[in-house]
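Everything on this sheet refers to the single structure shown next.
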Amino acid sequence: MFGSQVISRQIVSRKLFRRAFARHIMCLESSCSMQVHPDSKRLLSGSITSDNRQTMEFTPLVQVYEQHVSEGKYLSDELQKHTTKRMTRLQSALYEYDHEKFIQQLEMLEQYERDNQQLEKSDKPSSDTTEQQVSPPPTLSIPVPRGFYIHGSVGIGKSMLMNTFYNNAPIIDSRKRRIHFHAFLQEIHQRIHTLNKQLLDKHGRSFHVNTSQNMNPIIQIAQQLSKEITLLCIDEFQVNDVADAMILSQFFGELWRCGIVVVATSNRPSQDLYEDGLNRSYFLPFIDLLEKYCIIHHLDDKGQSSDETPIEGKDYRRIKSGVDNGSVDKQGHFYLSQDESNSSEKKLDELFQLYQKGSQHNSHPLTLQVNFQRTISIHRYHSNVIARFTFEELCTKELGSSDYNAIANYFQIVIIEDIPQLSLKYPDRARR
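Okay, so the sequence shown: first residue is 3 according to this note's numbering, each after it adds one.
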């Protein structure tokens, strides 16, 4: 009789546990439907004793965008303005969101489940247990806002909008991060590598056979990150590597479970991520999670203006450089040549000399540090201002995103010359 009562209690508690998460998800699905008056300015007041919450003001994103347009910082774009209206709702939801309190409730709920699992393993009957009534689990009453996944073609303002949102999100700086996707992955791999080494030193070489959550490095790093930040903004989201694809579902699944709000930009729709990749079927659960926890927004989707004129996305990089006008800008960022003359090379020589500011060319190669104790040598450069490469040097050798990030983070200007006409004959070069 005692055994049947314990089993019954376990079944009921697990059902309640699942219902609690179901209620949490329902709150999450509807949390971004909140409306914000465009002229409102709200005050975020700390209602929790944690010093991670501070008093701060925020202006609705659509109002910030219109102000930047009036000041000449941005060019007016109806598709961008429509996006800022949708992101203003997320801004308002973040104002209401108490991530610290959500984590507290989640930990209480997890402790409730651990207690029930411990009861299941217990062999000693207890009169208190037999007489104890089933108590409901703690509830997740804090709705988690759905994030944003903005996709579209290059140059239409995805990163600009995300940066504007990041700068005006009602989250204190220490609780939000903005990072490029490849740099983020490198950091995660580095942290997993460090944690694996710690586990190896502590538990020996047999530790990897333990697949429990508290021993899974991917889950542990995600949990660490969830205690560090509330808002994660990721630029240029893309998946090309099978190793990255395999960890994303676990890692981001845990981030979202722990209440992290993700805002990302990408050139690809969510359904096209890791398209035709090796073992893509293992990656598909991540896409399901992404579409569940983030609003999928196509920025350059054609719309209609107030006078029913079709609206199309514009490549503002081409407009700024003058390419769309059939020319290059006065600074000469592009040198296109199909003949055998060296006119393009001479122009690049002049540009390279210009940014040397009268100094002599560096005589010794520069060694840049890359992740995992790797290095890359730079031969043509000046200080940390400018570096010069051929296409062969950058795109036909065994270099990856970590190398390119190291170069981009160190130098202000990078010249790439002798770029051939790319084709599907060498897809890896074209991808790089």
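Cβ atoms here follow ideal geometry from the backbone N, Cα and C, with glycine treated the same way.
Keep in mind that this is a model prediction, so the values were computed, not measured.
(message) Bridge partners for Tyr-151 per DSSP, in chain order?
(response) As a beta-bridge residue in DSSP terms, Tyr-151 pairs with Ala-266 and Ile-298.
(message) With a threshold of 7 Å on Cβ separation, who are the neighbours of Ser-52 within its own chain once the five nearest residues in sequence on each side are excluded?
(response) A caution first: Ser-52 carries a pLDDT of 42, below 50, which makes its placement in the model too unreliable to give a value.
(message) Using C-beta distances below 6 Å, list every residue in its chain close to Glu-419, excluding the 5 sequence neighbours before and after it, in chain order.
(response) So the qualifying residues of the chain are Leu-350 and Thr-392.
(request) Starting from the C-beta of Ser-404, find all residues in its chain whose C-beta is less than 6 Å away, skip the five residues before and the five after it, and write them out in chain order. (result) In chain order, Gln-188, Val-372 and Asn-373 place their CB closer than 6 Å to the CB of Ser-404, counting only its own chain and leaving out the 5 sequence neighbours on each side.
(request) Specify the secondary structure class of Ile-221 as computed by DSSP and reduced to three states. (result) Helix, per DSSP.
(message) Let me make sure I understand the geometry here. Which of Leu-121, Phe-288, Asn-170 and Tyr-114 has the alpha-carbon closest to that of Leu-96?
(response) Nearest C-alpha to Leu-96: Asn-170.
(message) Taking the beta carbon of Leu-426 as the centre, do at least 16 other beta carbons fall within 10 Å, making it buried, or is it exposed?
(response) So Leu-426 ends up on the exposed side.
(request) Compute the distance between the beta-carbons of Arg-179 and Leu-234, then report whether it is under 8 Å. (result) Yes, Cβ-Cβ distance for Arg-179 and Leu-234 is below 8 Å.
(request) For the region 285-299 and the region 149-160, state whether three or more C-beta atom pairs, one from each stretch, are separated by less than 8 Å. (result) The answer is yes - the region 149-160 touches the region 285-299, with three or more Cβ pairs under 8 Å.
(request) Return the first residue and the last residue of the beta strand (DSSP E) that Phe-393 is part of. (result) Segment 393-397 is the alpha helix (DSSP H) holding Phe-393; no beta strand (DSSP E) there.
(request) Evaluate the contact criterion for the region 64-84 versus the region 238-257: three or more CB pairs, one atom per stretch, below 8 Å. (result) Taking 8 Å as the limit for Cβ pairs, the verdict is that the region 238-257 does not touch the region 64-84.
(request) On a CA-only basis, which of Tyr-67, Leu-163 and Leu-424 is nearest Val-265? Give me that one, please. (result) The option with the nearest alpha carbon to Val-265 is Leu-163.
(request) Quick one: using the 10 Å Cβ neighbour count with 16 as the cut-off for buried, is Tyr-67 buried or exposed? (result) It counts as buried.
(message) Using only the alpha-carbon positions, how far apart do Gln-37 and Lys-229 sit?
(response) Below a pLDDT of 50, predicted positions are generally treated as unreliable, and Gln-37, at 42, falls in that range; no measurement from the model is reported.
(message) For Gln-423, which residues in the same chain have their Cβ closer than 6 Å to its Cβ, ignoring the five residues on either side in sequence?
(response) Nothing meets the Cβ criterion.
(request) Tell me whether Ser-94 is buried or exposed, calling it buried when 16 or more other Cβ atoms sit within 10 Å of its Cβ. (result) Ser-94 comes out buried.
(request) State the Cα-Cα distance for the pair Gln-119 and Arg-207, rounded to the nearest angstrom. (result) Distance between the alpha carbons of Gln-119 and Arg-207: 28 Å.
(request) Can you grab the Cα-Cα spacing for the pair Ser-78 / Val-71, in whole Å? (result) Answer to the nearest angstrom: the Cα atoms are 6 Å apart.
(message) By the three-class DSSP mapping on this structure, what secondary structure does Ile-194 have?
(response) Note: Ile-194 maps to helix in three-state DSSP.
(message) Once DSSP output is grouped into helix, strand and coil, what is the label at Tyr-99?
(response) Coil, per DSSP.
(message) If you reduce the DSSP assignment to three classes, tell me which class Asp-420 lands in.
(response) DSSP places Asp-420 outside both helix and strand once states are collapsed to three, so it counts as coil.
(request) In the DSSP assignment, find the beta strand (DSSP E) that holds Lys-160 and state where it starts and stops. (result) Where Lys-160 is concerned, there is no enclosing beta strand (DSSP E), although the alpha helix (DSSP H) it sits in stretches over 160-170.
(request) Could you check the C-alpha separation between Leu-286 and Asp-246 for me, to the nearest Å? (result) One C-alpha to the other measures close to 13 Å.
(request) Find the nearest neighbour of Asn-386 within the set Asn-411, Lys-399 and Asp-117, judged by alpha-carbon distance. (result) The option with the nearest alpha carbon to Asn-386 is Asn-411.
(request) Per DSSP, which residues does Ile-236 bridge with? Please list them. (result) Paired residues: Ile-181 and Ala-266.
(message) Measuring alpha carbon to alpha carbon, tell me which residue in Tyr-168, Cys-260, Asn-281 and Ile-221 is nearest Ile-236.
(response) Looking from the CA of Ile-236, the closest CA among Tyr-168, Cys-260, Asn-281 and Ile-221 belongs to Tyr-168.
(request) Quick one: measure Cβ to Cβ for Cys-260 and Gln-225, integer angstroms, because I've assumed they're closer than 8 Å. (result) In this structure Cys-260 touches Gln-225 by the C-beta definition: roughly 6 Å separates them, less than 8 Å.
(message) Given a cut-off of 8 Å on the beta-carbon distance, is the pair Ile-194 and Ile-220 in contact?
(response) Yes; because the gap between Cβ atoms is below 8 Å, this pair is in contact.
(request) For the alpha helix (DSSP H) holding Gln-355, just list the boundary residues, first then last. (result) Element bounds for Gln-355: 345-356.
(request) Would you mind reading off the limits of the alpha helix (DSSP H) that contains Arg-431? (result) In the DSSP assignment, Arg-431 falls within the unbroken alpha helix (DSSP H) covering 429-433.
(request) Specify the secondary structure class of Leu-426 as computed by DSSP and reduced to three states. (result) DSSP places Leu-426 outside both helix and strand once states are collapsed to three, so it counts as coil.
(request) Note down, in chain order, each residue of its chain lying with its Cβ closer than 6 Å to the Cβ of Ser-161, except the 5 sequence neighbours on either side. (result) Only Asp-237 and Thr-267 meet the Cβ criterion.
(request) Going by DSSP, name the residue or residues bridged to Phe-254. (result) Residue pairing of Phe-254 in beta bridges, as defined by DSSP: absent, with no partner found.
(request) Give the straight-line distance between the Cα atoms of Phe-354 and Asn-269, rounded to the nearest whole angstrom. (result) Whole-angstrom Cα-Cα distance: 31 Å.
(message) So, with DSSP's three-state summary, where would you put Tyr-276?
(response) Annotated three-state conformation of Tyr-276 is coil, per DSSP.
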